[in-house]
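Numbering (the numbering used here), first residue to last: -6 to 191.
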C-alpha cells in the first residue's frame, strides 16, 4: 500500500503488510500481523499495531507509537533521527524520565524492554532516543511551582488580573466567566472572555 502525494491515513488490516507513506504527512496503521512501515518524506505517524513490526524512518519528523495493550512483540526501528518522537502508551511509566530510563545502549543500537515489548532502534544513540520519549502521547511538561488561582466561591476579575500580572511573564491572559442563562437541569451557559494582561 502506498500513500501517494496527499496527506493520507492508511489502515493495513490483518496480515503481514508493507505500507509506504507518500510525500505528504501520513498516518500508517499496520493493525494485526507482522508489518513493515516506511515513513518516506513528510511528517508521519507510524503505528504497527499487534505483531512484530518493522519501522523505517524518513526524512521528516516521524512519530513512532507503541502500545502495551497490543501484547508481547519485538519491534525494529531503522533510520531513527534525533528530531523524531517516540510515544509509549499504557506501559505504566509515571513520566517521560522514568520511561527513558528503560532504554539501554547495546553496541550501535538502543534497546527498550518493558511489558513484554522489546524495541530495537538500529544505529541510534541512547541520548537521542531518550530525549524523544513521550508517555501516553504527551511530552513531559515543565513543573509549576506557584499556585496562581485557588478555588473560591467568587473571585473578582480585577483580583485575577492582579495575581496573573505579578506571576506571569509572556502571553498572560485572564479568563472571566459570566453566567448568561440558566437552561435547567443544573446546566448554565458561560462566556469565556480572554483578556490580555501584558
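Quick reminder that beta carbons are idealized off the backbone N, C-alpha and C, glycines included.
Item to complete: Enumerate, from N- to C-terminal direction, the unbroken beta strand (DSSP E) stretches of 3 or more residues contained entirely within the segment 3 to 89.
Response: If you keep only unbroken beta strand (DSSP E) runs of at least 3 residues inside the segment 3 to 89, you get 11 to 13, 20 to 22, 29 to 31, 38 to 40, 47 to 49, 56 to 60, 66 to 71, 78 to 82.
Item to complete: Determine the DSSP secondary structure at residue 117, reduced to helix, strand or coil.
Response: Coil, per DSSP.
Discussion item. Let's test the definition: count the other Cβ atoms within 10 Å of the Cβ of residue 31 and tell me whether it reaches 16, buried, or not, exposed.
Written reply: Buried, because 16 or more other Cβ atoms sit within 10 Å of the Cβ of residue 31.
Practice prompt. Would you please state the rounded distance, in angstroms, between the beta carbons of residue 77 and residue 54? I believe it to be under 8 Å.
Written response: Correct: roughly 6 Å between the Cβ atoms.
Worksheet item: What are the partner residues of residue 106, as DSSP defines its beta bridges?
Response: According to DSSP, residue 106 shares a beta bridge with 111.
Worksheet item: Which class does residue 99 belong to by DSSP, given the choice of helix, strand or coil?
Response: When DSSP states are grouped into helix, strand and coil, residue 99 belongs to the strand group.
Worksheet item: For residue 115, is the classification buried or exposed, using 16 other Cβ atoms within 10 angstroms of its Cβ as the cut-off for buried?
Response: By the neighbour-count definition (other C-beta atoms within 10 Å, threshold 16), residue 115 is an exposed residue.
Fill in: Spatially closest choice to residue 24 from 13, 6, 99, 39, by CA coordinates
Each of 13, 6, 99, 39 was checked against the Cα of residue 24, and the nearest Cα belongs to 6.
Practice prompt. Determine contact between the segment 39 to 50 and the segment 81 to 96, defined as no fewer than three beta-carbon pairs at a distance below 8 Å.
Written response: In this structure the segment 39 to 50 does not lie against the segment 81 to 96, because fewer than three pairs of beta carbons, one per stretch, are closer than 8 Å.
Worksheet item: Cα-Cα, which of 124, 112, 121 is closest to residue 47?
Response: Of the listed residues, the one whose Cα sits closest to residue 47 is 112.
Worksheet item: Could you give the distance in angstroms between the alpha-carbon of residue 45 and the alpha-carbon of residue 97?
Response: Distance from the CA of residue 45 to the CA of residue 97, rounded to the nearest whole angstrom, comes to 20 Å.
Discussion item. Which residue wins for smallest C-alpha separation from residue 62, given the options 14, 107, 13, 35?
Written reply: Here the closest residue by C-alpha is 107.
Worksheet item: Would residue 80 pass as a contact of residue 127 if the rule is Cβ separation under 9 Å?
Response: It is a contact, given that the beta carbons lie within the stated cut-off.
Worksheet item: Can you give the beta carbon distance from residue 82 to residue 19, rounded, assuming they're within the 8 Å contact cut?
Response: So it is not a contact: roughly 20 Å between Cβ atoms.
Worksheet item: Within 10 angstroms of its Cβ, does residue 64 collect 16 or more other Cβ (buried), or is it exposed?
Response: By the neighbour-count definition (other C-beta atoms within 10 Å, threshold 16), residue 64 is an exposed residue.
Item to complete: For residue 66, count neighbouring C-beta atoms within 10 Å of its own C-beta (all shown protein chains included) and say buried if the count is 16 or more, exposed if not.
Response: Its Cβ being crowded by 16 or more others within 10 Å, residue 66 is buried.
Item to complete: Starting from the C-beta of residue 8, find all residues in its chain whose C-beta is less than 7 Å away, skip the five residues before and the five after it, and write them out in chain order.
Response: Excluding its 5 nearest sequence neighbours in each direction, residue 8 has C-beta neighbours in its own chain below 7 Å: 26, listed in chain order.
Worksheet entry | Identity of the residue in 2, 92, 52, 16 nearest residue 22 by Cα | Considering only 2, 92, 52, 16, the residue with the shortest C-alpha distance to residue 22 is 2.
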